[in-house]
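Peer 1: Here's a structure for you.
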Amino acid sequence: MPHHALEITLTRPLSAAELRHAAQAWPLAANHNATRLMALAGAKTPERAAHRLRRRLTARLPIDVITTHYPDAHGQVLLNLAFPPAVHTALTRDARHAGLTPERYVREALQRTLATHADRETGRLDHAVHHLLAHTTPAQLLSAVGHALTRPLEGPTP
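Numbering (numbering that gives the first Met the number 0), first residue to last: 0 to 157.
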């Protein structure tokens, strides 16, 4: 049976005691602030692995999303979401109204949102580059970019 690497995103950081308690049910590796966990799950498909993991850990962890850690052959990552009953009902209704399955409805909504975000980011970067080019020479800009790329990354500036 194949094993699947799964990432669990939590709704809040875990305490050390909560992490130990969850690790009694399933071996887990936590990131530095215990907001994301990694697990290996054996199952025939990634969907079954994520379902098994969620079933085993839901009572022990504040799970937000479970995803496959590696994209599949088509570059897709599986998202395993558990919606509250009212949200699930509304989602099912809206999907039916659109003539789609709930899974397809969520997939298309996510793809639209990601495309919109990518377009906004492209526009923001384009504007920033044009602003830079209006106030500096290409040589100065190239030098500054080279200098920035050789320094360690810092957090975003507010």
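No residue lacks a Cβ here, since even glycine has one placed at the ideal position from N, Cα and C.
Going by DSSP in three states, Val64 sits in which element: helix, strand or coil?
Peer 2: It is a strand residue.
Peer 1: In the DSSP output, what is Ala29 paired with across the bridge?
Peer 2: Note: Ala29 sits in a beta bridge opposite Leu36.
Peer 1: How should Arg53 be labelled, buried or exposed, when 16 other C-beta atoms within 10 angstroms of its C-beta is the threshold for buried?
Peer 2: Flag for Arg53 reads buried.
Peer 1: Taking the C-alpha atoms as reference points, what is the distance between Thr88 and Gly74?
Peer 2: Approximately 30 Å between the Cα atoms of the pair.
Peer 1: How many Å lie between Asp63 and Asn32 at the Cα?
Peer 2: Distance between the alpha carbons of Asp63 and Asn32: 16 Å.
Peer 1: What are the start and end residues of the beta strand (DSSP E) that includes Leu8?
Peer 2: Before going further, note that residue 8 is Thr rather than Leu in the sequence given. Residues His2 to Leu9.
Peer 1: Candidates Ala40, Arg106 and Pro83: which alpha carbon is nearest Ala94's?
Peer 2: Among Ala40, Arg106 and Pro83, the Cα nearest to that of Ala94 belongs to Arg106.
Peer 1: Only counting the same chain, and skipping five residues up and downstream in sequence, which positions put a Cβ closer than 6 Å to that of Arg123?
Peer 2: Excluding positions up to five away in sequence, the list is empty.
Peer 1: Does Leu166 come out as helix, strand or coil in the three-state DSSP assignment?
Peer 2: As displayed, the chain neither begins before 0 nor continues past 157, which places residue 166 out of reach and without an answer.
Peer 1: Can you have a look at Ala21 and say buried or exposed, based on whether 16 or more other CB atoms are within 10 angstroms of its CB?
Peer 2: That one is buried.
Peer 1: Can the beta-carbon of Ala42 be found less than 8 Å from the beta-carbon of Ile65?
Peer 2: No. Outside cutoff.
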